[in-house]
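Single-structure report; data block below.
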């Protein structure tokens, strides 16, 4: 890309828990206008996403995340892979998800 050019989308998730982050609580955030989604788990387990507002964070996240993870809407919900990359036991509670 030319110097000063804006690349889009460029990994613009509202909340991105990277490298098998586990045991985190993502609470009371407002996420708006992110090209790749509201919340993304790159591996990890036992995370809680609760009481957030996800606004116009589009639903076209890449089809794979943590070694073949499945994505539904704004949240990575499962994994086709195995081993240490399994996305499991993550909780999505009382969040507001809006598109318009």
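Residue numbers (UniProt numbering): 1 to 100.
Cβ atoms here follow ideal geometry from the backbone N, Cα and C, with glycine treated the same way.
Along the length of the stretch 3-50, whole beta strand (DSSP E) runs at least 3 residues long occupy 13-17, 25-27, 30-32, 37-41 and 48-50, reported in chain order.
Note on geometry: alpha-carbon atoms of residue 30 and residue 3 lie some 32 Å from one another. By the Cβ neighbour-count rule, residue 93 is exposed, with fewer than 16 other Cβ atoms within 10 Å of its own. In the three-state reduction of the DSSP assignment, residue 87 falls in the coil class. Remark: C-beta atoms of residue 18 and residue 42 approach each other more closely than 8 Å. Burial is judged here by how many other beta carbons sit within 10 angstroms of a residue's own beta carbon; residue 11 has fewer than 16 and is exposed. In the three-state scheme derived from DSSP, where H, G and I count as helix and E and B as strand, residue 92 is classed as strand. Contact check for residue 89 and residue 45: beta-carbon distance about 5 Å, within the 8 Å limit, so the pair qualifies.
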